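Engineer: Pasting a structure here, questions to come.
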Amino acid sequence: ADDKGLCWPAEVAPADVHIVAAGKVLQTELALEIADKLAAAGARVLVDDRAGVSPGVKFTDAELIGVP
């Protein structure tokens, strides 16, 4: 944990990488492409591609989830 929230040890974290898609459809598509490449390389990837949710809320949620 730090002053912004939980940070799981890598062994028990829900994912290795957390990608926050913040913006337009093109950015979300790019985020998903990157996630696919990382997953193909063996990484556990979490993508926040929620539409209609501000980047600030997504980043706050990312800190709460605690991906290292």
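Residue numbers (my numbering): 97 to 164.
Where a beta carbon is used, it is the ideal one built from N, C-alpha and C, also for glycine.
Here the structure is a predicted model, which means the values were calculated and not measured.
Could you round the C-beta distance between GLY162 and GLY101 to whole angstroms and report it? I think they count as a contact, below 8 Å.
Structural biologist: As a working note, residue 162 is residue 66 in the sequence shown. As a working note, residue 101 is residue 5 in the sequence shown. Contact flag correct, Cβ pair sits at about 6 Å.
Engineer: Would VAL95 be called buried (16 or more neighbouring beta carbons within 10 Å of its own) or exposed?
Structural biologist: Limits of the chain in this structure are 97 at one end and 164 at the other, which puts residue 95 out of reach.
Engineer: Rounded to the nearest angstrom, what separates GLU107 and PRO164 at their Cα positions?
Structural biologist: The sequence position of residue 107 within the sequence shown is 11, counting from 1. The sequence position of residue 164 within the sequence shown is 68, counting from 1. Roughly 10 Å separates the two Cα atoms.
Engineer: To which residues does DSSP link ILE161 through a beta bridge?
Structural biologist: By one-based count along the sequence shown, residue 161 stands at place 65. In DSSP, ILE161 forms no bridge with anything.
Engineer: Anyone know if the C-beta pair for ALA135 and VAL143 falls short of 7 Å?
Structural biologist: What you label residue 135 is simply residue 39 of the sequence shown in a count that begins at 1. What you label residue 143 is simply residue 47 of the sequence shown in a count that begins at 1. No, the pair does not count as a contact, with Cβ atoms beyond the cut-off.
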